[in-house]
Amino acid sequence: MRTDWATPRRPAGLLMLLLWCFELAEPSGRAANDPFTIVHGNTGKCIKPVYGWIVAEDCDETEDKLWKWVSQHRLFHLHSQKCLGLDITKSVNEVRMFSCDSSVMLWWKCEHHSLYSAARYQLALKNGHGAAISNASDIWKKGGSEESLCDQPYHEIYTRDGNSYGRPCEFPFLVDGTWHHDCILDEDHSGPWCATTLNYEYDRMWGICLKPENGCEDNWERNEQFGSCYQFNTQTALSWKEAYVSCQNQGADLLSINSAAELTYLKEKEGIAKIFWIGLNQLYSARGWEWSDHKPLNFLNWDPDRPSAPTIGGSSCARMDAESGLWQSFSCDAQLPYVCRKPLNNTVELTDVWTYSDTRCDAGWLPNNGFCYLLVNESNSWDKAHAKCKDFSGDLISIHSLADVEVVVTKLHNEDTKEEVWIGLKNINIPTLFQWSDGTEVTLTYWDENEPNVPYNKTPNCVSYLGELGQWKVQSCEEKLKYVCKRKGEKLNDTSSDKMCPPNEGWKRHGETCYKIYEDEVPFGTNCNLTITSRFEQEYLNDLMKKYDKSLRKYFWTGLRDVDSHGEYNWATVGGTRWSVTFSNWNFLEPASPGGCVAMSTGKSLGKWEVKDCRSFKALSICKKMSRPLEPEEAAPKPDDPCPEGWQSFPTSLSCYKVFHAQRIVRKRNWEEAERFCQALGAHLSSFSRVDEIKEFLHFLTDQFSGQRWLWIGLNKRSPDLQGSWQWSDRTPVSTIIMPNEFQQDYDIRDCAAVKVFHRPWRRGWHFYDDREFIYLRPFACDTKLEWVCQIPKGRTPKTPDWYNPERAGIHGPPSQLFLMDRTLQSR
């Protein structure tokens, strides 16, 4: 029988937790919370406690020199079972070991390779002993590496069963007078367990640890039919992102459901929670619904009472009702049980979709890598379009990879990119199952925002794409649209070199460009300066680099650098010309520093961009030759274009802004509500691409207010696709430094950024880099209620929703949703 229970309220202390924490390692492929030695970079010595005081000695791996990061930013010493602390109540600030439940300052934070605590006192060595000094120049590293202490810090371990509703472990925790820095096993518990508060002897709060394991053993159920292991976390109460992180930390993912048979298995499962999180979400800005494990979303079972299209209130995550099997869009911040899933076999067959093949087609058809495409400029229903393609010995186009999407976006639509076009995807089933008309397997879905939105119990349903971005939309099959036919072409004989590329030199063709890898590791700019202008080009480069995954981790230079060390990255090309960034693909916590040059990683972070030292770092190169010059950038708004009435700007900005603050609004809003509010006006939360724009925006905000306040901006890392990197909600590429010096303990689930408006900076935080001034930026949990700033390009007319009355002082919503007050309400 299913379990139906009330979600417990979280303790107030958890909700009020505002601790700052260290930089986190990339979320994919997380390293275990292993012990390490702490090396003083200036002397090469390692530190350890002697009678509670810190001393430096020659390094070795003995236990008396091993440390671990544990909860609440603390450094735990394995041998002494104590935490490194700073007592600022003494006349001389003391750095020594304390009990881990002491009231003195036990937290430590990183800034580059320094380590500091309260009042920004830094850990230093003075005459071979630990000391707390302001403005110290001491460097600290992890033993055996060049990493700072914070490059591989502590990661939360979530729990199940017990009495903590899935909350993460608290390390160290006290049991029978012993401090434990890892999960423990005893005869009273069914598996390795931990306490979820500091003092288990007093609180008795615990859970079974959820750590990575091979196969499907203690915490998993094996199902050969679906080739998967399932973990049913029934007695838990986590947000969607917490549940996602818990699954990811175990090498798994939130549940995806890919067939009616799998749905039936879940509905008939005994003991499953009545309502639970699944991996379905639309957290990536301006994209539709997708599974967090990147499986195609062609099987659907939406609840008709909870449509998939979010309103201003925002519901971008999905839960499942176990009894009905129906999926419901729901607030991502709700606390629910969840189900993890991982494959029985981790072997993935990579299909080569990017290799160039010279192809011959009939006149009028577009040749591309073994296929021929024809955009038919007459409008027909889906069935008539399908019949016409059959008459051409083809079928409606099927799309199986981003390489196919690129053909649609860049080659089929030279003029009218706004037109909607039929593709071969169609559903005739209940529950919904979209299939390709040519019988090929669905391996990719590319839904537009709020899609797939399928009418309940109404078939057939057909799919079109919009030429501008190639994203898909569900339509009535009777709509009359243009369509694309696809059929096999004649592959011409392979030659030693790709057509149009230099012969016999190892050049490979993609589109109208040729690329070549140079395997000598050299400083930046030695061979060439590679520019990357789109997601499609990045995916092609990833395909070139993937063979290096099997060797030692390699890097490849790009032409991206911060020439002036102002924190603004641009493409450096031959002749010194700088090109603006039109696409970005930063790794976790990048760009990390000003004045650097950017290389692409291989391995688990394939293709991700990282800032490196331009002179000392060496990497491989990818050079490219174009058969035609770069196309000019699209016309952008001009600084002298007007702003709509009620919107404001500053002279150098290309945008107009509207601040929604406490003096004008009935209530503050979470990030998603604020972003959807802006979208309803034809705008987005504010974004920035230039350093001068950021500084002017700061001045603009400080002129608006006399007090301090936090305002949502468009920066977020909500989507699993981002792998922990930040993006702007309006798709502006990230090209300006976001300096991550400090983070909250729960950084993994703090996915939305806000800017602080104030007149005098009093403390360092996240900031856009500049030597003289900075904007104080901070990651928040996205469910935090704040004020916000909307942004629209100059010269554009905003939308006017029915609840918006621009003639009055405020904005009104429908009876259940009042957004802004007018003057008569404010005066009461």
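Residue numbers for the sequence shown, in mature numbering (1 follows the signal peptide of the UniProt record, and there is no 0): -31 to -1, 1 to 797.
The C-beta atom is built at its ideal place from N, Cα and C for all residues, glycine as well.
Just so it is clear, the structure is predicted and the values come from calculations on it, not from any experiment.
Report yes or no: do three or more beta-carbon pairs, one from the segment 234 to 242 and one from the segment 286 to 293, lie closer than 8 Å?
yes
Exposed or buried, Asp467, counting other C-beta atoms within 10 Å across all chains shown (16 or more means buried)?
Flag for Asp467 reads buried.
With a cut-off of 8 Å on the beta carbons, I'd call Leu670 and Trp757 a contact; round off their distance for me.
About 12 Å; that fails the 8 Å criterion.
For residue 841, which residues from the same chain have a beta carbon less than 8 Å from its beta carbon, with the 5 sequence-adjacent residues on both sides left out?
There is simply no residue 841 to check, as the chain begins at -31 and stops at 797 in what is shown.
Can you find at least 3 beta carbon pairs, one from the segment 490 to 505 and one from the segment 526 to 543, that sit closer than 8 Å?
yes
I need the boundaries of the alpha helix (DSSP H) containing Arg310, first residue and last residue.
Taken as a continuous stretch (DSSP letters only), Arg310 belongs to no alpha helix (DSSP H), being part of the beta strand (DSSP E) at Leu305 to Pro312.
Per-residue DSSP class, three states only, for Thr769
coil
Return helix, strand or coil for Glu742, following the three-state DSSP convention.
Below a pLDDT of 50, predicted positions are generally treated as unreliable, and Glu742, at 44, falls in that range; the measurement from the model is reported next regardless. In the three-state reduction of the DSSP assignment, Glu742 falls in the coil class, being assigned neither a helical nor a strand state.
Measuring only the C-alpha atoms, how far is Asp302 from Asp752?
6 Å
Those residues which DSSP pairs with His535 across a bridge
Paired residue(s): none; His535 is not in a bridge.
Endpoints, alpha helix (DSSP H) assigned at Thr233
Ala229 to Lys236 is the span of the alpha helix (DSSP H), which, as asked, contains Thr233.
Beta-ladder partner(s) of Ser503, from DSSP
Its beta-bridge partners do not exist; DSSP assigns none.
Candidates Lys725, Cys583 and Ser624, of which the one nearest His630 by Cα
Lys725
Residues in the same chain with beta-carbon distance under 7 Å from Asp307, minus the five sequence neighbours each way, listed in chain order, please.
According to the sequence provided, residue 307 is Tyr. The question's Asp does not apply to it. Non-local C-beta neighbours of Tyr307 in its own chain, meaning closer than 7 Å and more than five positions away in sequence, comprise Asn202, Thr205, Leu207, Ala212, Leu223, Phe245 and Trp246, ordered along the chain.
Hey, could you find the ends of the beta strand (DSSP E) Gln217 is sitting in?
Careful: Gln217 lies outside any beta strand (DSSP E), inside the alpha helix (DSSP H) at Trp209 to Gln217.
Leu44 vs Leu55 beta-carbon contact at 8 Å:
Result no, Cβ atoms of Leu44 and Leu55 do not sit closer than 8 Å.
If you reduce the DSSP assignment to three classes, tell me which class Asn511 lands in.
helix
Continuous alpha helix (DSSP H) stretch holding Val377: start and end
Leu371 to Lys380
For Trp22, is the classification buried or exposed, using 16 other Cβ atoms within 10 angstroms of its Cβ as the cut-off for buried?
exposed
With a threshold of 16 other CB atoms inside 10 Å of the CB of Pro472, please say whether the residue is buried or exposed.
exposed
Check whether the segment 472 to 491 and the segment 435 to 443 are in contact - that is, three or more C-beta pairs closer than 8 Å.
The segment 472 to 491 makes no contact with the segment 435 to 443: fewer than 3 CB pairs, one atom from each, lie closer than 8 Å.
Which value, in whole angstroms, describes the spacing of the CA atoms of His355 and Ala287?
Straight-line Cα distance between these residues: approximately 34 Å.
In angstroms, rounded to a whole number, what distance separates the CA positions of Cys330 and Asn462?
14 Å
At a cut of 8 Å, does the segment 258 to 267 reach the segment 658 to 670 through at least three beta carbon pairs?
no
Contacting residues, own chain, Cβ-Cβ under 6 Å from Tyr738 (five flanking each side not counted)
Note on Tyr738: pLDDT 44, under 50, position unreliable in the model; no value is reported.
If you measure between the beta carbons of Leu249 and Ser688, is that distance less than 8 Å?
no
Using DSSP with H/G/I as helix, E/B as strand and the rest coil, what is Val322?
coil
Any chance you could list the alpha helix (DSSP H) runs of at least 4 consecutive residues sitting entirely within the segment 154 to 199, in chain order?
169 to 172
In angstroms, rounded to a whole number, what distance separates the CA positions of Cys483 and Tyr425?
48 Å
Below 8 Å on the Cβ atoms is my guess for Gly97 versus Thr6; work out the distance and round it to an integer in Å.
Gly97 to Thr6, Cβ: 16 Å. No contact.
Contact the segment 648 to 657 vs the segment 695 to 703: 3+ CB pairs below 8 Å:
yes
Going by alpha carbons, who is nearest to Gly436 out of Asn430, Leu344 and Ile57?
Leu344
Cβ-based neighbour list, His369, same chain, cut-off 6 Å, excluding 5 preceding and 5 following
Thr412 and Leu413
Does DSSP put Tyr517 in a helix, a strand or coil?
Looking at Tyr517 - three-state DSSP - the assignment turns out to be helix.
Select from Ala242, Trp555, Lys427 and Leu529 the residue whose C-alpha is nearest the C-alpha of Gln200.
Ala242
Are Ser197 and Leu313 close, meaning C-beta to C-beta below 8 Å?
yes
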